[in-house]
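Asks: Note that this note's numbering has the sequence shown beginning at 5, numbered continuously upward. Backbone N, C-alpha and C define an ideal beta-carbon position, used for all residues, glycine too.
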Amino acid sequence: MYSAGFLSSSLVFQPIRPFKPFLLRCPTLARPSIPLCLAEPEPPRRSSGSGSGSGRGRANPPMDRGAGAPGGRGARRHSYRTSRRSSIKKSLAQEQVVFTTPVAEDPVVAIIGGGVSGLVCALTLEERGIRSTVFDTGVHGLGGRMATRIISPKPLVFDHAAQFFTVSDSRFRKLVDGWLEKGLIQEWKGLLVELEAGGHCVPVPYTTKRYVGTNGMRPLMDSIICQSKLVNIVRPCWVSKLEPFNGTWRLTERDEYHGQFDAIVIAHNGKCANRLLSSSGLPLLTKQMKTLELSSIWALLAAFDDPLPIPTIGAFGSFDGAFVKGVNSLSWMGNNTSKLFPLESGKPHCWTFFSTAAYGKQNKVPQENIPNATAERVANEMLEGVESALGLSKGSLEKPFYTRVQLWGAALPTNTPAVACIFDPRGRAGICGDWLLGSSVEAAALSGMALAHHMADYFKTGGTRSDEFAIGLNSTFQAIAGHDIDDLKWQIQENDAHYQLYPNPSFSRSNFFAAEKVKEIQNAI
């Protein structure tokens, strides 16, 4: 499996009761007086004058897109003077949606998934003057696997997915510099080691700056929304159906209507994304998404009153994070307390542990409803793995006073098309995600940026030059080798600039294509 602090889908599959969507509040911005969904129809009017509340202006939601729309009372003329009806062409697998009318002068994009790639896509669209609505299933917050869990009243703070990230691209650097200026992130010089079963460890070279969230990873995602004015958030929301309607995409959650949009972005993966696309009329996107193979990873959050008996490395002292080798139930262990609060003493020691992909596969269950017996067994086996890694006798590890397990069912890609993004111009739909460029925080951001710019350029043409804007629809997937930790040390030494923990697969010598090819693609975006 890959090294660990990670995970890349923007979905966290948990039972969700129907809540009313809400717009994320930012104390520095006035709350916009707009509907929760920027593309929902306006109430019927007696006239269509140009005064406040009419048309598709930036300060107002778009008008009803035509007869039959939920809440509509009949066909209306749009500001761009076209009926914007779509034609459907038949295919053997499923009907391919083909939009033949021009794109609206003021398009609105639906982004399904509020992880790094989805939110950066929304922010980049705003930079190009394009509005979007982000739909996310997160109950606790946005960010997908840029997740931080805070347990009161201590509080206990855990990054239970992405552990840190690095920067090698100037475009991502611009975003990171903004986080630095705001004090949202800090350089992390904690000691990382490669830990073999029995307690033997070797330091990992520090040749590339590593960054962590000052108060965890999640605030970084919140900051993206706080600085935006053209991005709307709807959560928790599980979009269950995409339907072409009058030249637009109509989104629903079960039977609840969530508006109509000129284009859609799928910014998550796994079984939910496959299910959503399988009946959408986008067979080429469906084929690519279903070709993606993902592994599963168990995460264990555990808090201890006392420090763990960690082996020291001469003048280096005790490690803050370790890539574990030779233990089936463990691939990573990281001390959140020493990482986030290095100058504070007396705090509980909050650790994040990750299993191997093999262990995740062996113990996979429906992550929406993990049986209590399974959760208890996995926690115990992973703690036994900690004992084995540290060279402790079984049962000698201090019992944590807090534990929680989570299964990341669509965690790490085992193959990749190595393209920046995927876009179907005929159906006006695209895919972005970290897995497209090798899987890292930076890869997620670059993919979101690439798709946003590509769609903005497409919109500028009016949507009439479809063949020219197709990208990634037939790209061949290539396997990513080194699904476990075996090749990690070699990868770090040979190609440290590409090493990032969110998760970056450890490439083998025989499959090093991604490192150089990804860089080439990134430079071409």
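For the 8 Å Cβ check, are there 3 or more pairs between the region 214 to 225 and the region 137 to 152?
Replies: At 8 Å Cβ cutoff, the stretches touch.
Asks: Does the distance from the C-beta atom of V409 to that of A267 stay below 8 Å?
Replies: No, the Cβ-Cβ distance between V409 and A267 is not below 8 Å.
Asks: State the DSSP-derived secondary structure class of M150, mapped to helix, strand or coil.
Replies: It is coil, neither helix nor strand.
Asks: Please state if the CB of I317 and the CB of P207 are separated by a distance shorter than 8 Å.
Replies: In contact: P207 and I317 (Cβ atoms closer than 8 Å).
Asks: Measure the Cβ-Cβ separation of A362 and N384 and say whether it is below 8 Å.
Replies: Not a contact, by the Cβ cut-off of 8 Å.
Asks: Quick check: the region 187 to 199 against the region 210 to 217, are there 3 or more CB pairs under 8 Å?
Replies: Verdict: yes, contact present.
Asks: Under the three-state reduction of DSSP, which class applies to P429: helix, strand or coil?
Replies: P429 falls in the coil class under three-state DSSP.
Asks: Quick one: complete alpha helix (DSSP H) runs, 4+ long, within the region 311 to 350?
Replies: List check, alpha helix (DSSP H) in window: 340 to 344.
Asks: To the nearest angstrom, how far is it from the Cα of V143 to the Cα of W242?
Replies: Taking the straight line joining both Cα atoms gives about 11 Å.
Asks: Go through its chain and collect everything with a Cβ distance to S359's Cβ below 7 Å, but skip five positions before and after it.
Replies: Answer for S359: I301, W302, S333, L334, S335 and M386, listed in chain order.
Asks: Can you tell me the Cα-Cα spacing of L286 and G187, whole angstroms?
Replies: One C-alpha to the other measures close to 42 Å.
Asks: Report the three-state DSSP secondary structure of I374 (helix, strand or coil).
Replies: Reduced to three states, the DSSP call for I374 is coil.
Asks: Looking at the secondary structure, which residues open and close the beta strand (DSSP E) in which P404 lies?
Replies: Element bounds for P404: n/a, residue is neither H nor E.
Asks: Does the beta-carbon distance from H272 to G413 come in below 8 Å?
Replies: No. Outside cutoff.
Asks: Would P240 be called buried (16 or more neighbouring beta carbons within 10 Å of its own) or exposed?
Replies: Classification of P240: buried, given that the 10 Å Cβ count is 16 or more.
Asks: In whole angstroms, give me the CA-to-CA distance for T356 and G330.
Replies: Rounded to whole angstroms, T356 to G330 spans 18 Å at the Cα level.
Asks: Give a yes or no on whether the minimum CB-CB distance between V161 and chain D is below 8 Å.
Replies: The chain inventory of the structure shown lacks chain D, comprising one protein chain alone.
Asks: Roughly how many whole angstroms lie between the Cα atoms of R77 and S244?
Replies: Reliability fails at R77, whose pLDDT of 34 lies under 50, so the model's placement of it is uncertain and the value that follows must be treated cautiously. Whole-angstrom Cα-Cα distance: 25 Å.
Asks: Do F481 and P421 have their CB atoms nearer than 8 Å?
Replies: Yes, the pair counts as a contact, with Cβ atoms nearer than the cut-off.
Asks: Is it buried or exposed for D309, if we count other Cβ within 10 angstroms and need 16 for buried?
Replies: Exposed: under 16 other Cβ atoms inside 10 Å.
Asks: Comparing alpha-carbon positions, which option in L123, A448 and V101 lies nearest N250?
Replies: When each option's Cα is compared against that of N250, the closest is V101.
Asks: Please say whether F103 and G431 have beta carbons closer to each other than 8 Å?
Replies: Yes, they are a contact pair.
Asks: Is the region 335 to 344 touching the region 158 to 168 in the sense that three or more CB pairs, one from each, lie closer than 8 Å?
Replies: Result yes; three or more Cβ-Cβ pairs closer than 8 Å.
Asks: Helix or strand or just coil, what does DSSP make of G182?
Replies: If DSSP states are grouped into helix, strand and coil, G182 belongs with the helices.
Asks: G203 and P315 look like a contact to me (Cβ under 8 Å); what is the Cβ gap, rounded to whole Å?
Replies: So it is a contact: roughly 5 Å between Cβ atoms.
Asks: Is it true that the region 442 to 460 meets the region 121 to 138, where meeting means three or more beta-carbon pairs spaced less than 8 Å apart?
Replies: Result yes; three or more Cβ-Cβ pairs closer than 8 Å.
Asks: With a threshold of 8 Å, are at least 3 pairs of Cβ atoms found where one atom belongs to the region 123 to 138 and the other to the region 229 to 237?
Replies: Yes, the region 123 to 138 touches the region 229 to 237.
Asks: Going by C-alpha distance, which of H262, S299, L289 and A108 is nearest V369?
Replies: The option with the nearest alpha carbon to V369 is S299.
Asks: With a floor of 4 residues, list each alpha helix (DSSP H) that falls wholly inside the region 257 to 320, ordered by position along the chain.
Replies: For the region 257 to 320, whole alpha helix (DSSP H) runs of length 4 or above, ordered along the chain, are 275 to 282 and 287 to 295.
Asks: Counting beta carbon pairs with one atom in the region 452 to 464 and one in the region 387 to 406, are three or more of them shorter than 8 Å?
Replies: These segments do not touch.
Asks: If you drop the 5 nearest sequence neighbours on each side, which residues of the same chain put their C-beta closer than 6 Å to that of F139?
Replies: Answer for F139: I116, V238, C241 and V243, listed in chain order.
Asks: To the nearest angstrom, report how far apart L312 and G434 are at their CA atoms.
Replies: Roughly 46 Å between the two C-alpha positions.
Asks: Considering only the beta carbon of each residue, do L255 and A393 sit closer than 8 Å?
Replies: For L255 and A393, no; Cβs fall outside 8 Å.
Asks: Relative to the alpha-carbon of E391, which residue among I426, L199 and L179 has its alpha-carbon at the smallest distance?
Replies: Comparing Cα positions, the closest option is L199.
Asks: Beta-carbon within less than 7 Å of S479's beta-carbon, same chain only, minus the 5 sequence neighbours each way: which residues are those?
Replies: Counting only Cβ-Cβ distances below 7 Å, and skipping sequence neighbours, we find P421 and V423.
Asks: Once the 5 residues before and after T290 are set aside, which same chain residues still bring their CB inside 8 Å of it?
Replies: So the qualifying residues of the chain are A97, Q98, N278, L281, S282 and S284.
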